[in-house]
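Enquirer: Chains as they are written, first to last, in the working numbering: chain A, 1 to 190; chain B, 1001 to 1190.
Here a beta-carbon is modelled for each residue, glycine too, at the ideal position from N, C-alpha and C.
The structure displayed is predicted, hence computed values, not measured ones.
2 protein chains.
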Amino acid sequence: MYPQGHATSVTVAGLGDRLEGERRPGFFAGVATVVAKLLLQALPDVAFFGEKDYQQFLVIERMVRDLDIPVAVVALPTVREPNGLPLSSRNAYLSPEQRAVAPALFRTLEDLAARAATGAEIAALERRARRALRRIGFDRVNYITVRDAETLEAMARVDRPARALAAAWLGETRLIDNLPVGAPRAAGGR
Amino acid sequence: MYPQGHATSVTVAGLGDRLEGERRPGFFAGVATVVAKLLLQALPDVAFFGEKDYQQFLVIERMVRDLDIPVAVVALPTVREPNGLPLSSRNAYLSPEQRAVAPALFRTLEDLAARAATGAEIAALERRARRALRRIGFDRVNYITVRDAETLEAMARVDRPARALAAAWLGETRLIDNLPVGAPRAAGGR
């Protein structure tokens, strides 16, 4: 995959530095570089990426658009168990007790997204959601947040397309999930 | 060329940081990014680049190889006046007096390359060449050097493919040039 003397790196500024990128500097540069190589080796017409890794999808979509890589990038919705838990190889590491707690990440994100869609102040909703996750049994919460759906920039209230995203730990297992936020109702409407 | 929200950058570590890159941080990232876009927009079978901008050629060749961009990158030799001066739009800025001095950059590089090819110590040859350029009438010498022909790394003596490169000023005009260095003769041979 990497020829001798490989020295080229593809970075996506801003988008690649937030959330998952904050904790893993250079991580999305590695993702963008290897996905660019894959796409240019195979030159497919369409490439599908799962929405479970929403930030990764955004980084790849942005890179493909910015570099004019001739491929259509398509997001596929997250596949979930009936209780909302996203399918993930990591679920195998969860104890039965942790597995009972895990779907609460999805439910808390659903609740956060629904409240944010009303146009409520996001910072307060995030604090509430974080407390809820801790109370339910998550050992650490890296983030549970509502961001601009395209740039992942923080926003005060939902006034444009937004996404709710979270990363939290159950013991040694780090779970991530995300959901779209519905458009806020127009003021005075119902 | 750059879509709204453009955030992607292509960098070539090492190669893009030396010589011209030292004086213009980020310059070769700009070159690599825009050339990647051009190549991916047009998807040509072959792309030709002039050897006059030798470092630029190396950066592009490395990037294309590293990212698997499906194009053959080919270098074209520098076109010169009979006196050795490379054709360049910058030559129009030279006064008649400067124009008489300018070909000495090529001749000094030729001399440097020939001496380096014997296996002599490069640092001493570089000092000598720099003094020669100043004596001939160059106002400033950014560099006159012999480097690894592929990585542009400094080398003590020529023991692998090498390139002689120079950048020097005549008044307000900065001239650059470069030449291949012949293989050193084997010790004891003639």
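(1) Using the beta-carbon of each residue, which ones in chain B are nearer than 9 Å to P44 of chain A?
(2) Give every residue of the same chain whose Cβ lies closer than 8 Å to the Cβ of V203 of chain A, excluding the five residues on either side of it in the sequence, and list them in chain order.
(3) To the nearest whole angstrom, what separates the beta carbons of D1045 of chain B and A1072 of chain B, a pair I think is in contact under 8 Å?
(4) In angstroms, rounded to a whole number, what distance separates the CA positions of V12 of chain A and R1147 of chain B?
(5) Excluding five sequence neighbours on each side, which residues of the same chain lie with their C-beta closer than 7 Å to the C-beta of A1116 of chain B?
(6) Does the Cβ of S88 of chain A have 16 or more other Cβ atoms within 10 Å, making it buried, or fewer, making it exposed?
(7) When burial is assigned at 16 or more other CB atoms within 10 Å of the CB, is F1138 of chain B buried or exposed?
(8) Using a Cβ-Cβ distance under 9 Å, would M1063 of chain B count as near chain A?
(9) Any Cβ of chain A within less than 9 Å of the Cβ of G1189 of chain B?
(10) Any Cβ of chain A within less than 9 Å of the Cβ of A1075 of chain B?
(11) Whole angstroms are fine: how far does the CA of A1156 of chain B sit from the CA of R1129 of chain B?
(12) Could you check whether the Cβ of P161 of chain A sits closer than 9 Å to any Cβ belonging to chain B?
(13) Expressed to the nearest angstrom, what Euclidean distance is found between the alpha-carbon atoms of N1083 of chain B and Q1055 of chain B?
(14) Residues in its own chain within less than 6 Å of K1052 of chain B by CB, not counting five upstream and five downstream?
(15) If you draw a straight line from the alpha carbon of G1005 of chain B to that of I1060 of chain B, how long is it in whole angstroms?
(16) Using beta-carbon positions only, say whether L105 of chain A and D177 of chain A come within less than 9 Å of one another.
(17) Run through chain A and tell me which residues come within less than 7 Å of Q1041 of chain B, C-beta to C-beta.
(18) My understanding is that I1069 of chain B touches L1040 of chain B, with C-beta atoms under 8 Å, so please give their C-beta distance in whole angstroms.
(19) Report yes if the C-beta distance between G1171 of chain B and L1094 of chain B is below 9 Å; otherwise report no.
(20) In or out: L1058 of chain B buried (at least 16 other Cβ within 10 Å) or exposed?
(21) For the alpha helix (DSSP H) holding I1069 of chain B, just list the boundary residues, first then last.
(22) Do we get a CB-CB distance below 9 Å when we pair T8 of chain A with the residues of chain B?
(23) Going along chain B in order, which residues have a C-beta closer than 8 Å to the C-beta of G14 of chain A?
(24) My output table needs one value for Y2 of chain A: the three-state DSSP class, helix, strand or coil.
(25) Compute the Euclidean distance between the alpha carbons of A1168 of chain B and E1110 of chain B, then round it to the nearest angstrom.
(26) Using CA atoms only, rank isn't needed, just tell me which of B:D1017, B:R1127 and B:R1090 is closest to L1200 of chain B.
(27) Please confirm whether T1033 of chain B has its beta-carbon closer than 9 Å to some beta-carbon of chain A.
(28) May I ask you to list the residues that DSSP assigns as paired with S258 of chain A?
(29) Whole-angstrom Cβ separation of A192 of chain A and Y143 of chain A, contact assumed at under 8 Å?
(30) Can you pull the chain B residues whose beta carbon is under 7 Å from the beta carbon of A36 of chain A, in chain order?
(31) What does the alpha-carbon distance come out to for the pair V1101 of chain B and F1049 of chain B?
(32) Between L19 of chain A and the rest of its own chain, which residues show a CB-CB distance below 7 Å, the 5 nearest in sequence each way excluded?
(33) Got a sec? Which residues, its chain only, sit under 8 Å from G188 of chain A by beta carbon, not counting five neighbours each side?
(34) Express the C-alpha separation of R1023 of chain B and N91 of chain A in angstroms, rounding to a whole number.
(35) In terms of residue numbering, what span does the alpha helix (DSSP H) encompassing P96 of chain A cover?
(36) Specify, as a first and last residue, the run of the alpha helix (DSSP H) that D1203 of chain B falls within.
Expert: Let me lay it out:
(1) Neighbours of P44 of chain A on chain B: none; closest Cβ ~13 Å, over 9 Å.
(2) For residue 203 of chain A there is no data in the structure shown, the boundaries of chain A being 1 and 190.
(3) 7 Å
(4) 32 Å
(5) I1122, L1125, V1146, V1158, A1162, A1164 and V1181
(6) buried
(7) buried
(8) yes
(9) Its pLDDT being 36, under 50, G1189 of chain B is placed unreliably in this model, and the coordinates cannot settle the point.
(10) no
(11) Looking at the sequence provided, one finds Ala at residue 1129 of chain B rather than Arg. Rounded to the nearest angstrom, the two C-alpha atoms are 16 Å apart.
(12) no
(13) 24 Å
(14) T1078 and P1086
(15) 24 Å
(16) yes
(17) D68
(18) 7 Å
(19) yes
(20) buried
(21) Segment: none, I1069 of chain B is in no alpha helix (DSSP H) and carries neither H nor E.
(22) yes
(23) A1007
(24) coil
(25) 15 Å
(26) An answer regarding residue 1200 of chain B cannot be provided, because it is not within the stretch 1001 to 1190 covered by chain B.
(27) yes
(28) Nothing in the structure corresponds to residue 258 of chain A, since chain A is present only between 1 and 190.
(29) Residue 192 of chain A lies beyond the residue range present for chain A, which begins at 1 and ends at 190; the question has no answer from this structure.
(30) L1067
(31) 27 Å
(32) Q55, Y143, L152 and L165
(33) Residue placement at G188 of chain A is flagged as unreliable, the pLDDT there being 40, under the threshold of 50; a coordinate-derived value is accordingly withheld.
(34) 51 Å
(35) P96 to V101
(36) Absent from the model: residue 1203 of chain B. The displayed extent of chain B is 1001 to 1190, so no value can be given.
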